[in-house]
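Reminder that position 144 of the sequence shown reads as 147 in the working numbering, one-by-one numbering, no gaps. Ideal placement from N, C-alpha and C gives every residue a C-beta, glycine not left out. Nothing here was measured: the structure is a model prediction, and the numbers come from that model. Structure, as structure tokens:
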Amino acid sequence: MNTDWRRDLGPIRQLGNVVLDIDTAVADWLTLGVGPWFVMRDVTRREGTFRGGPCEARMSLAFANSGNLQIELIAPLDDVPSAATEFRQAGRSGLHHIAYWTDRFDDAVAQALDAGWSTIQTSGGRSAYFEFPGGQQPLVEIMELNDRTRWLTDSVRDAAQNWDGATDPVRSVPKRPGW
Numbered sequence: 004m005n006t007d008w009r010r011d012l013g014p015i016r017q018l019g020n021v022v023l024d025i026d027t028a029v030a031d032w033l034t035l036g037v038g039p040w041f042v043m044r045d046v047t048r049r050e051g052t053f054r055g056g057p058c059e060a061r062m063s064l065a066f067a068n069s070g071n072l073q074i075e076l077i078a079p080l081d082d083v084p085s086a087a088t089e090f091r092q093a094g095r096s097g098l099h100h101i102a103y104w105t106d107r108f109d110d111a112v113a114q115a116l117d118a119g120w121s122t123i124q125t126s127g128g129r130s131a132y133f134e135f136p137g138g139q140q141p142l143v144e145i146m147e148l149n150d151r152t153r154w155l156t157d158s159v160r161d162a163a164q165n166w167d168g169a170t171d172p173v174r175s176v177p178k179r180p181g182w
């Protein structure tokens, strides 16, 4: 096995945080100068699995960048088993996962499995959450950059680069098919 495969994924591209309330969390991050925020309210992620079973959990999501690093906020809206609800039900909030984005999703997933990582959640949008052996936190997400995901990652990054810190700090993202 190639032990350098993680280096091939490039830098960590996202810090995913589970929060209790999406609006409160966005407001907190805005005080740190991070924004603008792109919010998706009451989304049901379809075509997913969690620990081997179907997963159609409801959540609200928000995305913003600080430089090239994206911050994701995840507010579970139900108790459907998912990585985020499991985290919340364990009494936790805050940093939930780090994410790598790749054009070589299938190769990256195969290499993660070969390294002993366990897949705990997948989505139809071509992402997978992994636990390290022993359940070490945070989780690691590997997400495919494709037409379905690149529009959001690029839009959020580009908006942050020219944001004046005040104009239109919270923006709605229209629901897209499959979300």
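Given residue i as reference, the closest of the options once Cα atoms are compared
i	options	result
D64	D24, D157, R10, T105	For the record, residue 64 in the displayed sequence is Leu; it is not Asp. The shortest Cα separation from L64 among D24, D157, R10, T105 belongs to D24.
V176	V37, F41, L76	F41
D7	A163, V173, S158, Q114	Q114
V83	L76, G70, H99, C58	C58
G13	G138, R44, F108	F108
D106	L148, G137, P136, G70	L148
M43	D26, P136, W32	D26
R48	W32, S126, L35	S126
W154	G137, T122, F66	F66
R9	D171, G138, D117	D117
A31	G137, D110, G97, G138	One point to set straight first is that residue 31 is Asp, not Ala, in the sequence displayed. Closest by alpha carbon: G97.
T170	H99, G70, L33, A93	L33
G70	G138, I15, G137	I15
Anticipated Cβ contact below 8 Å, residue i with residue j, distance rounded
i	j	result
R91	P79	6 Å
A104	T156	This sequence places Trp at residue 104; Ala is not what is there. 7 Å between Cβ atoms; contact.
A86	Q140	About 11 Å separates the two Cβ atoms, so there is no contact after all.
R151	G128	5 Å
Beta-carbon proximity check, residue i vs residue j, cutoff 8 Å
i	j	result
V173	V29	yes
I74	V112	no
T88	A60	yes
G19	A102	yes
V22	L76	yes
V159	N68	yes
T122	F135	no
Is the number of C-beta pairs between the segment 53 to 61 and the segment 157 to 165 that are closer than 8 Å three or more? no
Whole runs of the alpha helix (DSSP H) within the segment 88 to 174, excluding any shorter than 4 residues: 108 to 117, 150 to 164
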